[in-house]
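What follows is one structure encoded as C-alpha cells, with my remarks underneath.
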Ligand code: PRP
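In the numbering used here, the protein residues as written are -14 to 192.
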C-alpha cells in the first residue's frame, strides 16, 4: 500500500494559498475546497491527507510526527525553535517582526524597557544581543493596546500592511527580522517519505 503523506496546513487565508501550491505539486484533494467544518481531508489515490490546524500549532504536529510536513511562519519557528527540518521558503505570508511604539516615544537607555509581546523569546534574544535590559510582558493578542494604556513602553509584534499600528497611533521603530511561510518536515518522515517530500520541494521551487 502507498504511504500516505500527512500534511498540516495553517487554517485561514494563507492556508488556501498553501493548499493551491500542494495541488500544483501533484497532491490534489478536491474535497478540501467544499464548504464544511471538517478538518481532515484525504485523497488516497494521490497519497495525501491534509488537516487544518491553528497556524501557531503546525510546528507542534510536525515536530511530534502527527504530520509529516507542514507550513509554518518563520515567526513561530524562531519563537519556539521546534526540532524539525526547515526545507523551503514559500515566499508567501510575508511580513516582518518589528518593535513599535507611540510616535512620541523616546527610549531612555538608563531605564529597563517594558516590552509587550506574544513573541517573548524573539524579543528577549533581540534585546540581549543589543545588551539592553528589558521587562517582558507576555500577552496573547491585541498587543497594540499595551503602550496606549501604559502597560508597556514598546511592543514586539508582526507588521504586515502597517494598518493596525497606524490605526492605534503606533509606528515601527526597528525591524527585527523579515518573516515568511516555510515548508517544514518531521525529521524521521524526511527519511522515510523522502520521495514524496522531494517531489513537493522540487515542484514548489519551480512555481
Ligand atoms: C497580526 C499582528 C498585528 C496585525 C498586523 O495579528 O499581531 O495585530 O496582524 O497586520 P497589519 O500590519 O497588516 O495591520 P493577526 O491578525 O495575525 O492576529 P492576532 O490578533 O492573533 O495577533
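Every residue gets a Cβ at the ideal spot worked out from N, C-alpha and C, and that includes glycine.
DSSP places residue -1 in the helix class (H, G or I) of the three-state scheme. The bridge partners DSSP lists for residue 14 come to none. For residue 53, the three-state secondary structure derived from DSSP is coil. Checking the 7 Å criterion, the Cβ of residue 78 is out of range of every heavy atom belonging to the ligand PRP. Boundaries of the alpha helix (DSSP H) around residue 186: 179 to 190. The beta-carbon distance between residue 174 and residue 53, rounded to whole angstroms, is 4 Å. This is short enough to meet the 8 Å contact definition. Comparing C-alpha distances from residue 164 to each of 77, 66, 126 shows the shortest one belongs to 77. If only uninterrupted beta strand (DSSP E) runs of at least 3 residues are considered, those enclosed by the stretch 51 to 129 are 54 to 58, 70 to 74, 80 to 87, 98 to 102, 119 to 123.
Assigned with DSSP and collapsed to three states, residue 168 falls in strand.
Our two residues, residue 6 and residue 189, have alpha carbons roughly 7 Å apart in a direct line. At a threshold of 7 Å, residue 144 counts as near the ligand PRP, since its beta carbon sits closer than that to one of the ligand's heavy atoms. By the 16-neighbour rule on beta-carbons within 10 angstroms, residue 171 is buried. Counting C-beta pairs with one atom in each stretch, the stretch 34 to 48 and the stretch -13 to 6 have three or more that are closer than 8 Å, which means they touch.
Contact annotation, residue 133 with residue 101: C-beta distance approximately 10 Å; criterion of less than 8 Å not satisfied. Closest in alpha carbon position to residue 114, among 50, 103, 74, 161, is 161. Rounded to whole angstroms, the Cβ separation of residue 150 and residue 85 is 5 Å, and the two are in contact under 8 Å.
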